[in-house]
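In this text, residue positions in the sequence shown follow UniProt numbering: the first is 1, and each later residue adds one.
Note that CB positions come from ideal geometry on N, CA and C, so glycine has one too.
Quick notes on the structure that follows.
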Amino acid sequence: MPAFGESPQSRVSAGATVAARPDDPGASHAEPGRYGQPGRAGKPRVTRTFDDNDGRGDGSDVGDTAADVPRKKPARKRPAETLPAPARQAVTSSDVTTNPSARAQQQILALVNLNRRRSGCGSLSLDRRLITAANRHAADMARRAYFAHVSRNGADSGARLRAAGYRWARYGENIARGFNSPWDVVNGWMRSPGHRRNILDCRLHQMGIGLAISRDHTTYWVQDFATPTA
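Now the structure itself:
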């Protein structure tokens with residue numbers, strides 16, 4: 001059963017929004033729950049994206065929501081159906097890699113950038129550090145059989161990016177499981193308002209895709225976005 005998740009730690013559907021300093025070990029994290037029913041695509045959890053450059057001068061981060069940030073009216077929703085048929089081919093263990101030139105990385109990048117251009121955003125580029133962080137989290141979820149943005153060791157998306165050597169000014173994360181191809185997972189994210197908002201956030205400039213396949217052949221996907229510090 002396919003399922004979705006978006007990052008970081010606020011669950012707008014539950015009416016809760018949590019903003020925390022990424023370097024604060026005592027910060028409160030609202031772990032997203034899983035939604036969905038058999039035979040139906042999972043209902044998403046909504047993402048927070050943290051912004052270090054809020055002008056407060058105190059190092060704090062603010063969780064921006066759709067209500068906080070002015071956004072242009074998105075283009076009419078259209079699934080990314082115009083890319084070549086290979087994007088619909090099911091992934092295998094050979095697609096699990098940190099190589100930015102790998103098939104899944106390039107196909108998802110093309111699909112995402114197609115949708116961003118339709119909405120007036122610039123294209124993303126791949127970053128190996130984001131790929132590494134995303135792959136680590138996908139592998140951890142597949143190995144330990146859980147589905148969440150907060151790792152079992154308590155690390156959130158931002159902490160995982162820093163651990164991979166990426167100093168971010170802004171980040172976001174989408175996760176999904178049970179989708180068999182790059183086209184399937186991007187099309188699913190684009191049909192989900194919260195995930196779509198991350199993909200079409202013009203303030204995010206780089207991306208990395210994580211993929212893992214569990215022992216029961218379930219696919220786990222992680223899509224990490226970020227903009228580096230100046």
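N-terminal and C-terminal residue of the beta strand (DSSP E) that residue i is part of
i, result
"Pro182", "Run containing Pro182: none in the beta strand (DSSP E); it sits in the alpha helix (DSSP H), 182-190."
Cβ-based burial, residue i [other Cβ within 10 Å; buried from 16]
i, result
"Pro182", "buried"
"Ser94", "exposed"
"Arg117", "exposed"
"His217", "exposed"
"Tyr171", "buried"
"Tyr166", "buried"
"His149", "buried"
"Thr132", "buried"
"Ala134", "buried"
"Ser125", "exposed"
"Thr227", "buried"
"Arg144", "exposed"
"Gly154", "exposed"
"Arg196", "buried"
"Pro160", "Sequence check: residue 160 is Arg here, not Pro. Burial call: buried."
"Thr219", "buried"
"Ala164", "buried"
Residue i, enclosing alpha helix (DSSP H) - first and last residue
i, result
"Gly210", "Where Gly210 is concerned, there is no enclosing alpha helix (DSSP H), although the beta strand (DSSP E) it sits in stretches over 206-213."
"Arg128", "128-144"
"His195", "193-199"
"Val96", "Neither: Val96 is in no alpha helix (DSSP H) and is coded neither H nor E."
"Ser119", "Neither: Ser119 is in no alpha helix (DSSP H) and is coded neither H nor E."
"Gly158", "157-163"
Candidates the options, of which the one nearest residue i by Cα
i, options, result
"Arg191", "Asn174, Ala87, Leu204, Val91", "Asn174"
"Arg88", "Thr98, Ala104, Val96, Pro100", "Ala104"
"residue 231", "Gln223, Asp224, Tyr220, Met207", "Residue coverage of the chain in this structure runs from 1 to 230, which leaves residue 231 outside it and unanswerable."
"Ala102", "His205, Cys121, Gly210, His137", "Gly210"
"Ala85", "Ile108, Val96, Arg196", "Ile108"
"His137", "Ser125, Gln106, Val96, Ser119", "Val96"
"Val112", "Thr229, Arg215, Ile213, Gly188", "Gly188"
"Arg177", "Ala155, Ala169, Tyr146", "Tyr146"
"Arg128", "Ala155, Asn99, Arg152, Gly120", "Asn99"
"Cys202", "Arg152, Ala110, Ala164, Asn115", "Asn115"
"residue 287", "Trp221, Tyr220, Ala90, Asn198", "Because residue 287 is not part of the residues shown, which for the chain are 1 to 230, the question remains open."
"Phe225", "Ile213, Thr219, His205, Ser214", "His205"
Beta-ladder partner(s) of residue i, from DSSP
i, result
"Asp224", "Glu173, Gly208"
"Thr219", "Ile213"
"Ser125", "Gln206"
Under the three-state DSSP convention, the category residue i falls into
i, result
"Arg48", "Confidence at Arg48 is low in this model, with a pLDDT of 34, below 50, so the placement of that residue should be treated as unreliable; the coordinate-derived value is given next. Note: Arg48 maps to coil in three-state DSSP."
"Asp58", "A caution first: Asp58 carries a pLDDT of 27, below 50, which makes its placement in the model unreliable, though a value can still be read off. Coil at Asp58, not helix or strand."
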